[in-house]
Amino acid sequence: MLSRLWQSAMIALARSGRVSRVMQNGRVTSGLSRRFIASGDETVGVARAQALLSEQGLRASLFYLGEYVDQPALVDENVAAKLAVTRALAGTGLDIHVSVDMTQVGHLLDPALTRRNLDTIAEAIRDAAASAPSPGLHCLMLDMEDPSVVDATIALHDDLAERGFPVALTLQAYLKRTEADLAAQIRRGSRVRLVKGAFVGEPAYAYTRRPDVKANSRRLIDAMFSEDAREAGFYPIVATHDAHLIAHARDRARAGGWTPGRYEFEMLLGVREPLARALAVEGERVRLYVPFGRDWWPYTVRRIGESPANAALLARALAG
Ligand code: FAD
1 MLSRLWQSAM IALARSGRVS RVMQNGRVTS GLSRRFIASG DETVGVARAQ
51 ALLSEQGLRA SLFYLGEYVD QPALVDENVA AKLAVTRALA GTGLDIHVSV
101 DMTQVGHLLD PALTRRNLDT IAEAIRDAAA SAPSPGLHCL MLDMEDPSVV
151 DATIALHDDL AERGFPVALT LQAYLKRTEA DLAAQIRRGS RVRLVKGAFV
201 GEPAYAYTRR PDVKANSRRL IDAMFSEDAR EAGFYPIVAT HDAHLIAHAR
251 DRARAGGWTP GRYEFEMLLG VREPLARALA VEGERVRLYV PFGRDWWPYT
301 VRRIGESPAN AALLARALAG
């Protein structure tokens, strides 16, 4: 209960434009955000990705920060940043792996604009990937936001996939609908990143207790590593820092004959990195989500909300 209240408070703080403006202009910028983001432009983000791979054997998904954007000029800026990081990744030998939120690229303004923007980014990733190593690992990864965006995100994912673009989709275990959404994606042989969900929902459509979200995550992982999924060419991405769920996924993979590389684990920069390193040393494919850019407040506060233990981090930054 306490952790749910804490998470709800942090989500509200993340969505406050006024607080965001004050914080991002203030002195706490570097102190608070340093742990969770690679502050700077695409060059800094790509340099961080190169270091993660060469020093720790971890792959990266690059994410230019910014969400719930309702101004056309900012949407254009976001699209330009996604294209810039795609160009910066090309020729480095790294995966051309770029994460995108629908509300960054026009969802709040116009569905047709969102589709055009996603097409532009997906084309750039496809073109850059054509001359890159490790075919199959490059993709436009669609993040998943609040429940109002889920239908549109899945529809655009399916549309891009049907037209042959390298695309992947995030689904959230806290939503009751995800069982059916995942089953449909397994039939399509998609690439799906499963997360618990960074939002708090209502019992009508969401699991609201942490143990229930975890139990649903376990059931969804079972489906991701099923015989049907393997036959369909489905690619499971288990995105969690929860050691029990990671162990469960590895058990299911072993039992079903999935070898490392036929699936992957993904974690967030700054969260349980020793666990990510240990998995990579044991031969698993592990990716870190690497956010970069100026708009650090909403993302950072959402991360702080995921663990009441992070309250001290917030308090120290505000005091210092
Ligand atoms: P938890 O039970 O929350 O965490 C397990 C343990 O990990 C905790 O006990 C704690 O020790 C540690 N931990 C976890 N988070 C933190 C933190 N922030 N700070 C410190 N310790 C922590 N959510 C969405 O709704 N949409 C998305 O598109 C999305 N994309 C994601 C992409 C990736 C690669 C990852 C890893 C997560 C993403 N999330 C997304 C967030 C996700 O939904 C969860 O909110 C987040 O991962 C925490 O859940 P957990 O599975 O790690 O389990």
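186 is the number that full-length UniProt numbering gives to position 186 of the sequence shown; each next residue is one higher, with no gaps. Backbone N, C-alpha and C fix where the C-beta goes; we use that ideal spot for every residue, glycine too.
How long is the line joining the alpha carbons of residue i and residue j, rounded to whole angstroms?
| i | j | result |
| --- | --- | --- |
| valine 69 | arginine 187 | 33 Å |
| valine 150 | leucine 175 | 10 Å |
| alanine 9 | alanine 51 | 35 Å |
| leucine 13 | phenylalanine 199 | 13 Å |
| arginine 15 | proline 298 | 6 Å |
| valine 85 | glycine 40 | 12 Å |
| valine 238 | arginine 252 | 12 Å |
| glutamate 77 | proline 291 | 16 Å |
| arginine 18 | histidine 107 | 21 Å |
| glycine 256 | leucine 94 | 29 Å |
| proline 308 | arginine 272 | 15 Å |
| arginine 218 | alanine 229 | 15 Å |
| alanine 88 | phenylalanine 36 | 21 Å |
| proline 166 | valine 79 | 17 Å |
| residue 323 | glutamate 282 | An answer regarding residue 323 cannot be provided, because it is not within the stretch 1 to 320 covered by the chain. |
| alanine 129 | alanine 90 | 7 Å |
| threonine 240 | arginine 193 | 10 Å |
| leucine 182 | leucine 220 | 8 Å |
Under the criterion of a Cβ to heavy atom distance below 7 Å, does residue i qualify as lining ligand 1?
| i | result |
| --- | --- |
| aspartate 242 | yes |
| phenylalanine 165 | no |
| asparagine 310 | yes |
| glycine 201 | no |
| glycine 197 | yes |
| aspartate 143 | yes |
| serine 307 | yes |
| tyrosine 263 | no |
| arginine 34 | no |
| methionine 102 | no |
| alanine 215 | no |
| glutamine 172 | yes |
| valine 69 | no |
| alanine 278 | no |
| valine 192 | no |
| tyrosine 289 | yes |
Are there 16 or more other CB atoms within 10 angstroms of the CB of residue i, so buried, or fewer, so exposed?
| i | result |
| --- | --- |
| histidine 244 | exposed |
| alanine 73 | exposed |
| leucine 288 | buried |
| glutamine 71 | exposed |
| arginine 254 | exposed |
| serine 61 | buried |
| serine 3 | exposed |
| valine 261 | Reading off the sequence, residue 261 comes out as glycine, not valine. So glycine 261 counts as exposed. |
| glutamate 42 | buried |
| alanine 209 | The residue you asked about is not alanine; residue 209 is arginine in the sequence shown. The residue is exposed, with fewer than 16 neighbouring Cβ atoms inside 10 Å. |
| aspartate 101 | buried |
| glutamate 227 | exposed |
Taking residue i as part of the beta strand (DSSP E), name the residues at either end of that continuous run.
| i | result |
| --- | --- |
| residue 322 | Residue 322 is absent from the model: the chain starts at 1 and stops at 320. |
| isoleucine 37 | Unbroken run through isoleucine 37: none, as it is neither H nor E. |
| valine 46 | It is not in any beta strand (DSSP E) - valine 46 instead sits in the alpha helix (DSSP H) that spans 42 to 56. |
| glutamate 239 | Checking the sequence, you will find alanine at residue 239 rather than glutamate. Counting along the chain, the beta strand (DSSP E) containing alanine 239 begins and ends at 235 to 239. |
| histidine 244 | Not the beta strand (DSSP E): histidine 244 falls in the alpha helix (DSSP H), residues 243 to 256. |
The alpha helix (DSSP H) that contains residue i, what's its start and end?
| i | result |
| --- | --- |
| residue 321 | The requested residue 321 is not part of the displayed model; the chain covers only 1 to 320. |
| leucine 156 | 150 to 162 |
| proline 111 | 111 to 130 |
| arginine 218 | 210 to 224 |
| tyrosine 68 | Tyrosine 68 -> no alpha helix (DSSP H), and no H or E assigned at all. |
| threonine 170 | Counting along the chain, threonine 170 falls outside any alpha helix (DSSP H), though it belongs to the beta strand (DSSP E) covering 167 to 172. |
Would you say the region 155 to 163 touches the region 111 to 131, given that touching needs at least three Cβ pairs under 8 Å?
yes
Does the count of Cβ pairs from the region 256 to 272 and the region 290 to 309 closer than 8 Å reach three?
yes
Whether or not the region 178 to 187 and the region 124 to 143 are in contact is what I'm after, with contact meaning three or more pairs of Cβ atoms, one per stretch, closer than 8 Å; do they touch?
no
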